[in-house]
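Asker: Please see the structure below; I have some questions.
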Amino acid sequence: MVMSLDSDRLDAVTAHLRSPPLRREEYEDLFGQAPVIFAALSGPQHLLEAANPAFFEAIGGDPDRVGTPLGELVPELAAQGVLDRIDAVYRSGVAHRARAGRLILGTPGAEREGFFDFTYEPRRDAVGRVDGVVVIAVETTSHHHAQLLAAEQRVLLERIARDAPLAEILTGMALAIEELSPGMLVSVLLSDDDGRHLLHGTGPSLPDFFNASVDGIATGESVGSCGTAAYLRAPVIVTDIATDPLWEGIRDLAARAGLAACWSTPIMSADGRLLGTFAMYHRTPKAPDEQDLALSSAFARTAALAIERHQATEAGRAAQDREKEAREDLAFVLDASTAITREPHFTDCLQCLARLTVPTLAPLCTVHVLEDGGTRQIAVAAATRADEDFLASPGVRDRIDEAVAHVLASGSTETDRSGTRSGLPGSAGYVCVPLATRGRTFGVLTLLATGRPLDDHIIALAEELASRAAASADNAHQFSDRVQLARDLQAGLLPPELPTIPGVQLAASYHPAGEGLDVGGDFYDVFPLPDDRWAVMIGDVRGRGAAAATTTGMVRHTARAAARLLHDPAAVVGAINDALTGSSVNADDFVSLVYGELSPGTSPLTLDLLRAGHVPPLVRRTDGTVEQLAQSGLLLGVAPEFDGSPCRVELYPGDSLVLVTDGITEARSADGEFFDEHRLAEALLGCGSSGAPGLIAAVNAAVTAFAGPSTPDDQAALILTAV
Numbered sequence: 102m103v104m105s106l107d108s109d110r111l112d113a114v115t116a117h118l119r120s121p122p123l124r125r126e127e128y129e130d131l132f133g134q135a136p137v138i139f140a141a142l143s144g145p146q147h148l149l150e151a152a153n154p155a156f157f158e159a160i161g162g163d164p165d166r167v168g169t170p171l172g173e174l175v176p177e178l179a180a181q182g183v184l185d186r187i188d189a190v191y192r193s194g195v196a197h198r199a200r201a202g203r204l205i206l207g208t209p210g211a212e213r214e215g216f217f218d219f220t221y222e223p224r225r226d227a228v229g230r231v232d233g234v235v236v237i238a239v240e241t242t243s244h245h246h247a248q249l250l251a252a253e254q255r256v257l258l259e260r261i262a263r264d265a266p267l268a269e270i271l272t273g274m275a276l277a278i279e280e281l282s283p284g285m286l287v288s289v290l291l292s293d294d295d296g297r298h299l300l301h302g303t304g305p306s307l308p309d310f311f312n313a314s315v316d317g318i319a320t321g322e323s324v325g326s327c328g329t330a331a332y333l334r335a336p337v338i339v340t341d342i343a344t345d346p347l348w349e350g351i352r353d354l355a356a357r358a359g360l361a362a363c364w365s366t367p368i369m370s371a372d373g374r375l376l377g378t379f380a381m382y383h384r385t386p387k388a389p390d391e392q393d394l395a396l397s398s399a400f401a402r403t404a405a406l407a408i409e410r411h412q413a414t415e416a417g418r419a420a421q422d423r424e425k426e427a428r429e430d431l432a433f434v435l436d437a438s439t440a441i442t443r444e445p446h447f448t449d450c451l452q453c454l455a456r457l458t459v460p461t462l463a464p465l466c467t468v469h470v471l472e473d474g475g476t477r478q479i480a481v482a483a484a485t486r487a488d489e490d491f492l493a494s495p496g497v498r499d500r501i502d503e504a505v506a507h508v509l510a511s512g513s514t515e516t517d518r519s520g521t522r523s524g525l526p527g528s529a530g531y532v533c534v535p536l537a538t539r540g541r542t543f544g545v546l547t548l549l550a551t552g553r554p555l556d557d558h559i560i561a562l563a564e565e566l567a568s569r570a571a572a573s574a575d576n577a578h579q580f581s582d583r584v585q586l587a588r589d590l591q592a593g594l595l596p597p598e599l600p601t602i603p604g605v606q607l608a609a610s611y612h613p614a615g616e617g618l619d620v621g622g623d624f625y626d627v628f629p630l631p632d633d634r635w636a637v638m639i640g641d642v643r644g645r646g647a648a649a650a651t652t653t654g655m656v657r658h659t660a661r662a663a664a665r666l667l668h669d670p671a672a673v674v675g676a677i678n679d680a681l682t683g684s685s686v687n688a689d690d691f692v693s694l695v696y697g698e699l700s701p702g703t704s705p706l707t708l709d710l711l712r713a714g715h716v717p718p719l720v721r722r723t724d725g726t727v728e729q730l731a732q733s734g735l736l737l738g739v740a741p742e743f744d745g746s747p748c749r750v751e752l753y754p755g756d757s758l759v760l761v762t763d764g765i766t767e768a769r770s771a772d773g774e775f776f777d778e779h780r781l782a783e784a785l786l787g788c789g790s791s792g793a794p795g796l797i798a799a800v801n802a803a804v805t806a807f808a809g810p811s812t813p814d815d816q817a818a819l820i821l822t823a824v
């Protein structure tokens, strides 16, 4: 608090400075009860002639020693230059004024810092000679400390606002307080999450061993000043550690650190949570004054603000870390699941699963499946060669097999996080996760740790990935079974191999649409007839799947049966049409067909062909021309009667008959353009080979180059070359 000089009294004094010296009684009458500090000094020795109580209270000295030189009464003033300034005023007769002068007052061990506004006025006798000095002062210590306190708090608040590290803020606060209050040592302890222990926050001037010893100290009714203040949620003042029972258990520690007093204030959050404690230590027994208590309260609030801001920042950062970790986990699971799903085969799915878990989840991974009543290791992955060698070490495989058997039997995850139960030297534990789908456990994913133990996070990711991989593997298993079934059925609808016909070279190809999941409707056949004749046909049944397979089988079997009894291609095709139109199974199915009969051994080779709505046959001649046979009849299965007649084709040595289905001519490029009969003819003409196998290869290569390897429709081709 800043005190102003009493103007009336000051005027009275200055008015008398040029008059005969005032008597002591007159000084006391002027300044006796004034808050202004006053002293009258006489002679070159600066004998204390008079002083008011405010002087002795602020500056010190013994009131009974009036008449004693000021340097003897308050000896600490000499070393701080006060007597030199008074000497200068006495010798020169010129007044001296100073603002915010700093003095250290008191005896050693009981010093205090004070700030004062001083006026040193020369006092003159009746003839104008200087015979003394009048000292008038106002103590501004409280004001000065308040300004410093406000400045330090602004600095601290700026640090808090810019999210400076908590340790930096607390240490800066402690050093600022120690500067404001010389001889004071400041400590801040932070509460743990449950409020039962206090952790080191800062204590820059306390011995390191002391800070280390109280780090983690429990809160309680008699655990020093800080532990008790935290427990009671109230300030605790210990003026003498050596005798206070609160320090009984840690008194020796305080004595080693040279601490004699401790005042602790709990740091509380706005919602009443314990954040920590703010402590002021002294090396001599001491009780706090009002300024100390105000200082403690102010900085405890500042510390609370810093700690709460730090906790909020850390909570936000932790939330961001958790969110980032969750995103990374989700990305890992999704990417891994996508990669596994892309594998079309059961074994490939599970091998992909093993590869993707290493080393992200663990350095070692195995996958076992049930197969033919037993267990088989279907996949293994290792991060390093050393991990791979560990997996092959004695006893490891047996222990894994044992754990796998447990999981297959229980359908539940089995873990050994520390490796204590695994009995595997060098192992940090394992987790075995069931691979299950549709209520059945068909395999086990095993992660084996050799360094960092497996935690809940890794186990949760393994379980999630295993669940997704199990569904993908089961789908792949069904896909593989379906593809194999389609292949088996398709193989039953095509000749197992082409026969050998004298004077004829045969070649054929068949490419199912898409993944080959459904039986296609395209077919071809070459079979013998009586009288050394041969039947040749290629066709396309509307649709796919079981219905198309049924119709294909009926057409082939009808053709083989009718051709043995009938010696006319038109009659054979008519019999096929009758079978289709008379069937009640697939009434809406229709078939395109090219059917022909040939007699080998003739030159030229002669064929009688009949076309029913099918792609026109082509004849590639040895002279480099391609002919198209345009004669055609209706699709089979459309009308009750088939109206068509065969045409005769003559093939000379090197000539080839090319029969294809519309999956080839209607193959589309990326921009939707058809391959068509013209490009087919160009592919035949551009082929350097004149044999049937070479022509087949050329046709397939041209279609693939034009439309890509995948096709929305089946593609079949049959080529006969006269030799």
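Going left to right, the sequence shown walks through residues 102 to 824 as this note's numbering numbers them.
Idealized CB from N, CA, C, for every residue including glycine.
(1) Using beta-carbon positions only, say whether D744 and G734 come within less than 8 Å of one another.
(2) Rounding to the nearest angstrom, what Cα-Cα distance links I765 and D502 in this structure?
(3) Helix, strand or coil: which one does DSSP assign to T442?
(4) Hey, out of F311, H246, L299, H301, whose CA is closest to E279's CA?
(5) For a minimum of 3 consecutive residues, which ranges assigned as the beta strand (DSSP E) are wholly contained in the region 462 to 520?
(6) List, from N- to C-terminal side, the alpha helix (DSSP H) runs of 4 residues or more that fit wholly inside the region 347 to 388.
(7) Give the range of the alpha helix (DSSP H) segment to which H779 is assigned.
(8) Could you spell out the range, first to last residue, of the alpha helix (DSSP H) harbouring D188?
(9) Name the DSSP bridge partner or partners of F216?
(10) Please confirm whether W364 and S323 have their CB atoms less than 8 Å apart.
(11) Less than 8 Å between the CB atoms is what I'm expecting for A567 and V534, so what's the real figure, rounded?
(12) From the DSSP output, read off the bridge partner residues of H244.
(13) Using only alpha-carbon positions, find the residue among P705, I261, L142 that is nearest to T414.
(14) Give me the Cα-Cα distance between P846 and A395, rounded to the nearest whole angstrom.
(15) Taking only runs that begin and end inside the region 648 to 734, name each unbroken beta strand (DSSP E) of 3 or more residues, in chain order.
(16) Taking its Cβ as the centre, do 16 or more other Cβ atoms sit within 10 Å of K425, making it buried, or is it exposed?
(17) Determine whether the beta carbon atoms of L548 and T542 lie at a separation below 8 Å.
(18) What residue from A577, N576, F310, V532 has the CA that sits closest to H558's CA?
(19) Can the beta-carbon of L781 be found closer than 8 Å to that of V800?
(20) The alpha helix (DSSP H) spanning P154 covers which residue range?
(21) What first and last residue would you give for the beta strand (DSSP E) that runs through E867?
(22) Is it true that the CB of P717 sits closer than 8 Å to the CB of L730?
(23) Contact check, Y625 vs L752 under 8 Å by CB: the rounded distance?
(24) For the alpha helix (DSSP H) that R456 lies in, which residues bound it at each end?
(25) State the CB to CB distance for the pair V692 and L760, rounded to an integer number of angstroms; the pair is presumed to be in contact (CB under 8 Å).
(26) Three-state secondary structure (DSSP) at A275?
(27) Using the Cβ count rule (16 or more neighbours within 10 Å means buried), how would you classify R477?
(28) Quick check on the DSSP output: the alpha helix (DSSP H) that includes P794 runs from which residue to which?
(29) In whole angstroms, what is the alpha-carbon distance linking A404 and D345?
(30) Exposed or buried, A277, counting other C-beta atoms within 10 Å across all chains shown (16 or more means buried)?
(31) First and last residue of the beta strand (DSSP E) that includes D641?
(32) For V175, I'd like the list of residues in its chain whose CB is within less than 8 Å of its CB, leaving aside the five on either flank, ordered along the chain.
(33) Which class does L555 belong to by DSSP, given the choice of helix, strand or coil?
(34) I need the DSSP call for S573, collapsed to helix, strand or coil.
Answerer: This is what the structure holds:
(1) Contact flag set, yes.
(2) Each residue's Cα considered, the two are about 52 Å apart.
(3) Looking at T442 - three-state DSSP - the assignment turns out to be helix.
(4) Among F311, H246, L299, H301, the Cα nearest to that of E279 is on H246.
(5) Those beta strand (DSSP E) runs which fall completely within the region 462 to 520 and span 3+ residues are 465 to 472, 475 to 483, 515 to 517.
(6) Counting only runs of 4 or more, we get 352 to 358.
(7) Annotation for H779: the continuous alpha helix (DSSP H) segment containing it runs 777 to 786.
(8) Looking at the DSSP string, the run of the alpha helix (DSSP H) that includes D188 is 183 to 193.
(9) DSSP, once it has assigned bridges, lists R203 as partnering F216.
(10) No, these two residues do not count as a Cβ contact at 8 Å.
(11) The Cβ separation is near 4 Å, so the contact holds.
(12) According to DSSP, H244 bridges with nothing at all.
(13) For the residues P705, I261, L142, the minimum Cα distance to T414 belongs to I261.
(14) Because the chain in this structure spans residues 102 to 824, residue 846 falls outside the shown range and cannot be described.
(15) Within the region 648 to 734, the complete beta strand (DSSP E) runs of at least 3 residues are 692 to 699, 706 to 713, 719 to 721, 727 to 729.
(16) If you draw a 10 Å sphere on the C-beta of K425, you find fewer than 16 other C-beta atoms in it, and that means exposed.
(17) Against a cut-off of 8 Å, the Cβ pair of T542 and L548 comes out as no contact.
(18) That would be V532, whose Cα lies nearest to the Cα of H558.
(19) The answer is yes: Cβ separation under 8 Å.
(20) Bounds of the alpha helix (DSSP H) holding P154 are 154 to 159.
(21) Residue 867 lies beyond the residue range present for the chain, which begins at 102 and ends at 824; the question has no answer from this structure.
(22) Inclusion of L730 and P717 in the CB contact set at 8 Å is warranted, their separation being smaller than that value.
(23) With a contact defined as Cβ atoms closer than 8 Å, Y625 and L752 miss out at about 18 Å.
(24) Counted as a single uninterrupted DSSP element, the alpha helix (DSSP H) harbouring R456 occupies residues 447 to 458.
(25) Approximately 15 Å separates the beta-carbon atoms of V692 and L760; this is outside 8 Å, ruling out the contact.
(26) Correct three-state label for A275: helix.
(27) R477 comes out exposed.
(28) For P794, the enclosing alpha helix (DSSP H) begins and ends at 793 to 808.
(29) Each residue's alpha carbon lies about 27 Å from the other.
(30) A residue is called buried when at least 16 other Cβ atoms come within 10 angstroms of its Cβ; A277 meets this threshold and is buried.
(31) Element bounds for D641: 634 to 642.
(32) So the qualifying residues of the chain are I160, G161, G162, L206.
(33) Reduced to three states, the DSSP call for L555 is coil.
(34) Taken through DSSP and simplified to helix, strand or coil, S573 comes out as helix.
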